[in-house]
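Student: According to the UniProt record's numbering, the sequence shown holds residues 1 to 206 in order.
Quick reminder that beta carbons are idealized off the backbone N, C-alpha and C, glycines included.
For clarity, every value in this text was computed on a predicted model and none was experimentally measured.
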Amino acid sequence: MYIASAVFAVLPLLAAAIPTPSSTKSSNTAYTTATASATPFTVMALRSASPIHFLQMNAANTSFWLGGATRSYCPIDASQCPPGNVTVFDGPNALSIEVPGGQQIYVAPSGALGFTQAHTANMPAGSVISPITYTPQTGTAYNGVISTSAFGATGFMACPTTTNNWQVYAAISNATVPTGNLADCLGFDAVTVDWTGANPEAWQYV
1 MYIASAVFAV LPLLAAAIPT PSSTKSSNTA YTTATASATP FTVMALRSAS
51 PIHFLQMNAA NTSFWLGGAT RSYCPIDASQ CPPGNVTVFD GPNALSIEVP
101 GGQQIYVAPS GALGFTQAHT ANMPAGSVIS PITYTPQTGT AYNGVISTSA
151 FGATGFMACP TTTNNWQVYA AISNATVPTG NLADCLGFDA VTVDWTGANP
201 EAWQYV
């Protein structure tokens, strides 16, 4: 068995071609509503002139982060395991994983975007399950946009922590954030890039 942990590098040419949002506290870009993607994808943050611009969204410690590294686990021989070093979504509310039963994505009452451990549906009481909507995009360097309206959210925001990573939250006015100060958080547009690598990409995320 092994635990994988790595950072997914964004292609410079892709980054250079993507338009930047002008959102302040939360993403105000208007997108039409859609709910499914036929292709697995990765997620990247757009927030111009900010430390989170172009950062990948990574799954680790049952939460989602901008920056840092993906964490995954595989209980079988490493030679038979999926790579597990990139966070890949298999649709807006599922992860690209092999473990039976999957892992649910949710927004906790604190506003934090999270996912369940494998083999359990445990999550904070009152959480909103399957909170993400997906909207395909054409004529851009990316393929879609994800957002959430859980608890009345206006999309996503990233909040600083004691490390260099930013934790992903639903953009709600009563979120319980790491620093205790909502003004520290930055709204961002969460754009998707179609994934053409291994699917499933991980046995499970942890």
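Contact between the region 139-146 and the region 189-201 is defined here as three or more beta-carbon pairs at a separation below 8 Å; is this criterion met?
Tutor: At 8 Å Cβ cutoff, the stretches touch.
Student: With DSSP as the reference, label G152 as helix, strand or coil.
Tutor: Sequence index remark: in the sequence shown, residue 152 carries index 152 (1-based). G152: helix per DSSP, three-state reduction.
Student: Express the C-alpha separation of A69 and A153 in angstroms, rounding to a whole number.
Tutor: Here residue 153 refers to the residue found at position 153 of the sequence shown. Here residue 69 refers to the residue found at position 69 of the sequence shown. Answer to the nearest angstrom: the Cα atoms are 26 Å apart.
Student: T163: which of N93, P131 and L66 sits nearest, CA to CA?
Tutor: The residue given as residue 163 occupies position 163 in the sequence shown. Checked all of N93, P131 and L66; the closest Cα to T163 is L66.
Student: From V99, G155, P83 and S72, pick the residue whose C-alpha is nearest to that of T135; which is it?
Tutor: Locating residue 135 in the sequence shown gives position 135, counting from the first residue. Taking only the C-alpha atoms, the option nearest T135 is G155.
Student: Use the C-beta contact count for N93: other C-beta atoms within 10 angstroms, 16 or more gives buried, fewer gives exposed.
Tutor: To locate residue 93, count along the sequence shown from 1; it is residue 93. Flag for N93 reads buried.
Student: By DSSP's criteria, M157 is part of a beta bridge. Which residues make up the other side?
Tutor: Counting from 1 along the sequence shown, the entry for residue 157 is found at position 157. Answer is Y169 and G187, bridged to M157.
Student: Tell me the residue span of the beta strand (DSSP E) that contains V88.
Tutor: As a working mapping, residue 88 is identified with position 88 in the sequence shown. It is not in any beta strand (DSSP E) - V88 carries neither H nor E in the DSSP assignment.
Student: Taking R47 as part of the beta strand (DSSP E), name the residues at either end of that continuous run.
Tutor: Numbered from its first residue, the sequence shown carries residue 47 at position 47. Looking at the DSSP string, R47 is not in any beta strand (DSSP E), and its letter there is neither H nor E.
Student: CA-CA distance, C185 and A158?
Tutor: As a position in the sequence shown, residue 185 is number 185, starting the count at 1. As a position in the sequence shown, residue 158 is number 158, starting the count at 1. Going from the Cα of C185 to the Cα of A158 covers about 5 Å.
Student: How many whole angstroms separate the CB atoms of A125 and Q104, which I take to be in contact at a CB cut-off of 8 Å?
Tutor: For this step, residue 125 is matched to residue 125 along the sequence shown. For this step, residue 104 is matched to residue 104 along the sequence shown. With 8 Å as the limit, A125 and Q104 do not qualify as a contact, their Cβ atoms being about 14 Å apart.
Student: Taking C-alpha atoms, which residue in S37, P75 and M44 lies nearest to W166?
Tutor: On the sequence shown, position 166 is the one that residue 166 refers to. Of the listed residues, the one whose Cα sits closest to W166 is M44.
Student: What is the DSSP secondary structure of Q204, counted as helix, strand or coil?
Tutor: In the sequence shown, counting from the first residue as 1, residue 204 sits at position 204. Three-state DSSP puts Q204 in a strand.
Student: Quick check: is the beta carbon of C81 nearer than 8 Å to any beta carbon in chain C?
Tutor: Within the model displayed, chain C is absent; a lone protein chain is all it includes.
Student: Mind checking who I105 pairs with in its DSSP beta bridge?
Tutor: The residue labelled residue 105 in the question sits at position 105 within the sequence shown. DSSP output for I105 lists F115 as bridge partner(s).
Student: Does the distance from the CB of A170 to the CB of A150 come in under 8 Å?
Tutor: The residue labelled residue 170 in the question sits at position 170 within the sequence shown. The residue labelled residue 150 in the question sits at position 150 within the sequence shown. Yes, the Cβ-Cβ distance between A170 and A150 is below 8 Å.
Student: Which residue or residues does DSSP assign as beta-bridge partners of P100?
Tutor: To locate residue 100, count along the sequence shown from 1; it is residue 100. According to DSSP, P100 bridges with nothing at all.
Student: Tell me whether N58 is buried or exposed, calling it buried when 16 or more other Cβ atoms sit within 10 Å of its Cβ.
Tutor: Stepping through the sequence shown from its first residue, residue 58 is reached at position 58. When all chains shown are included, N58 counts as buried.
Student: Leaving out five residues on either side along the sequence, give the residues of the same chain with a beta carbon under 8 Å from the beta carbon of T39.
Tutor: Here residue 39 corresponds to residue number 39 of the sequence shown, with the count starting at 1. Closer than 8 Å at Cβ, skipping near neighbours: N143, D194 and W195.
Student: Give me the DSSP bridge partner(s) of W65.
Tutor: For the purposes of this step, residue 65 is taken as the residue at position 65 of the sequence shown. W65 is bridged to N58 and Q167.
Student: For the region 175-189 against the region 71-89, are there 3 or more C-beta pairs whose distance is under 8 Å?
Tutor: As far as the Cβ criterion goes, the region 175-189 does not touch the region 71-89, which means the pair count is below three.
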